[in-house]
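Novice: Have a look at this one.
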Amino acid sequence: MAIVFSLLQHLIQIYSWALIIYILMSWFPNARESSIGQILTRICEPYLEPFRKIIPPIGMMDISPIVAFLVLNFASTGLASVYRWLT
């Protein structure tokens, strides 16, 4: 059971890093058109899309990735709490 929770925690952490890199790539011109940018787009956009529908951009700032990142952190914390509760 510990292996499953550890694996899930690691996957959430890896996805969080992918999301951070994807967000930072938006600051550099043509970075998302690179091969790594296209891979990260296919991985991150399906997760970010529901947040973008709910949270409108504020001027030129899109804060939906920040909220999406916070949700991932809450999921990680909740997973750790569930694991502690079960053991």
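Take the sequence shown: its position 62, counting from 1, is numbered 70 in my numbering, and each next residue is one higher.
Ideal Cβ placement from N, Cα and C applies to all residues, glycine included.
Values in this document were obtained by computation on a predicted structure and should not be read as measured data.
Whose C-alpha, out of L19, S24, A10, is nearest the C-alpha of V79?
Specialist: Along the sequence shown, read from residue 1 onward, the residue named residue 79 stands at position 71. For the residues L19, S24, A10, the minimum Cα distance to V79 belongs to S24.
Novice: Where do the N-terminal and C-terminal ends of the alpha helix (DSSP H) with R92 fall, by residue?
Specialist: Taking the first residue of the sequence shown as 1, we reach residue 92 at position 84. That run of the alpha helix (DSSP H) goes 72–94.
Novice: Report the option in I29, P73, L32 whose CA atom is closest to the CA atom of P58.
Specialist: The sequence position of residue 58 within the sequence shown is 50, counting from 1. The candidate whose alpha carbon is nearest that of P58 is P73.
Novice: Starting from the N-terminal side, write out each stretch of the alpha helix (DSSP H) that is 4 residues or longer and does not extend beyond the segment 22–66.
Specialist: You should have 43–62.
Novice: Sort out for me which residues DSSP pairs M69 with in a bridge.
Specialist: By one-based count along the sequence shown, residue 69 stands at place 61. Per DSSP, I66.
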